[in-house]
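So the sequence shown is numbered by our numbering: it starts at 3 and just counts up by one.
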Amino acid sequence: MAILTYGKKNMIDWKNIDTVLLDMDGTLLDLHFDTYFWFEHLPKRYAELNGFSFAQAQNYIKTEIQKVEGQIQWYCLDYWAERLKLPITELKREVEHKISLRDDTIPFLDALKTAGKNVVLVTNAHPDSLSLKVEKTALDSHIDLLISTHQYGVTKESQLLWQMLQADIHFDNERTLFVDDSLPILGSAKTFGIKHLLAVANPDSQKPALTKEQLIGYDFITDYRDILSDIV
Numbered sequence: 003m004a005i006l007t008y009g010k011k012n013m014i015d016w017k018n019i020d021t022v023l024l025d026m027d028g029t030l031l032d033l034h035f036d037t038y039f040w041f042e043h044l045p046k047r048y049a050e051l052n053g054f055s056f057a058q059a060q061n062y063i064k065t066e067i068q069k070v071e072g073q074i075q076w077y078c079l080d081y082w083a084e085r086l087k088l089p090i091t092e093l094k095r096e097v098e099h100k101i102s103l104r105d106d107t108i109p110f111l112d113a114l115k116t117a118g119k120n121v122v123l124v125t126n127a128h129p130d131s132l133s134l135k136v137e138k139t140a141l142d143s144h145i146d147l148l149i150s151t152h153q154y155g156v157t158k159e160s161q162l163l164w165q166m167l168q169a170d171i172h173f174d175n176e177r178t179l180f181v182d183d184s185l186p187i188l189g190s191a192k193t194f195g196i197k198h199l200l201a202v203a204n205p206d207s208q209k210p211a212l213t214k215e216q217l218i219g220y221d222f223i224t225d226y227r228d229i230l231s232d233i234v
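Set out below in structure tokens:
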């Protein structure tokens with residue numbers, strides 16, 4: 003059984019959910035593309051252009067990421083293009099063949115649509131990254147509204163984001179489900195008061211799923227197809 007739910011038969015009260023807010027990378031798309039790009043392909047290109055070893059470039063980029071992790075800069079392709087003096091969007095296109103939907107994504111989105119839920123993508127991804135992934139996956143044809151937090155200037159880790167987002171799209175905390183693979187972001191949504199939360203335990207197909215102990219406090223899932231029959 004792929005669902006890990008602390009023994010509860012039905013972890014989501016679908017009858018009391020109108021709006022479903024969905025993360026993108028790791029939640030609807032396989033996170034492997036991003037993992038590979040930031041920690042393999044980008045260091046390789048940086049090393050080639052600056053005369054560093056791969057290990058030196060990898061360590062440098064990891065250090066730079068840690069400085070801004072969770073902030074808007076971490077997700078901003080313009081920031082990294084300036085910081086690293088590299089055409090980040092062009093480099094992403096070099097490995098765009100690795101962009102892929104999770105196998106369970108389309109059945110899940112179709113079930114939400116059939117049930118009449120208002121489905122909104124809320125991603126920290128830069129608009130250029132979002133556009134590239136939509137181009138490769140046609141994700142936009144299955145979702146009512148796509149939002150990059152860059153339009154607000156803050157990320158989902160910030161309470162200010164949730165305040166501005168709620169003011170714009172008028173979701174009811176008590177009748178909203180938020181799905182994400184990031185525990186800090188889920189914690190931010192929980193602090194804001196969103197009642198229904200679901201963690202994705204296996205965001206990267208090339209890495210082991212998170213354990214029940216790592217995900218304590220959240221209902222979590224490894225395959226949306228196991229809950230399709232529950233969605234009403």
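All residues carry an ideal CB built from backbone N, CA and C; glycine is no exception.
Backbone secondary structure at Y8 - three-state DSSP: The predicted position of Y8 is uncertain, since its pLDDT is 36 and thus under 50; no value can be drawn from it.
Quick one: what does DSSP say F173 is sitting in, helix, strand or coil? coil
Distance, K100 Cα to E137 Cα: 13 Å
Suppose you measure from the CA of L141 to the CA of K115; what does that come to, to the nearest Å? 13 Å
List the whole-angstrom C-beta distance separating K158 from I196, where the pair is believed to meet the contact cut-off of C-beta under 8 Å. That pair is no contact at about 11 Å.
Nearest-angstrom beta carbon gap, T125 and M26 [assumed within contact, 8 Å]: 4 Å
Is the region 48 to 55 close to the region 65 to 73, with three or more CB pairs under 8 Å? Cβ pair count under 8 Å is below three, so no.
Taking the runs of the alpha helix (DSSP H) that are 4 residues or longer, which of them lie wholly in the region 172 to 202? The alpha helix (DSSP H) runs of length 4 or more contained entirely in the region 172 to 202 are, from start to end of the chain, 185 to 194.
Out of A169, I149, F41, S143, which has the shortest C-alpha to C-alpha gap to V97? F41
Leaving out five residues on either side along the sequence, give the residues of the same chain with a beta carbon under 8 Å from the beta carbon of R95. L134
Per DSSP, what are the beta-bridge partners of T21 in this structure? Under the DSSP definition of a beta bridge, T21 partners with N120, T178.
CB contact flag (V22, L179, <8 Å): Contact flag set, yes.
Applying the criterion that 16 or more other CB atoms from any shown protein chain within 10 Å of the CB defines a buried residue, is H198 buried or exposed? In summary, H198 is buried, with 16 or more beta-carbon neighbours lying within 10 Å of its beta-carbon over all protein chains present.
Can you look up S131 in the DSSP assignment and give me helix, strand or coil? Three-state DSSP puts S131 in a helix.
Check the C-beta distance from D183 over to V202 and give it rounded, since I have them as a contact under 8 Å. 4 Å
What are the start and end residues of each continuous alpha helix (DSSP H) run of 4 or more residues lying completely inside the region 21 to 92, in chain order? 34 to 38, 44 to 52, 56 to 70, 74 to 77, 79 to 86
So, at 7 Å on beta carbons, what are the nonlocal neighbours of Y38 in its own chain, with the 5 sequence-adjacent residues on each side left out? V97, K100
List the whole-angstrom C-beta distance separating L30 from T151, where the pair is believed to meet the contact cut-off of C-beta under 8 Å. Rounded, the Cβ-Cβ distance is 16 Å, inconsistent with contact.
Going by the beta-carbon positions, is the gap between K119 and I19 smaller than 8 Å? Against a cut-off of 8 Å, the Cβ pair of I19 and K119 comes out as a contact.
Taking the C-alpha atoms as reference points, what is the distance between W76 and A83? 12 Å
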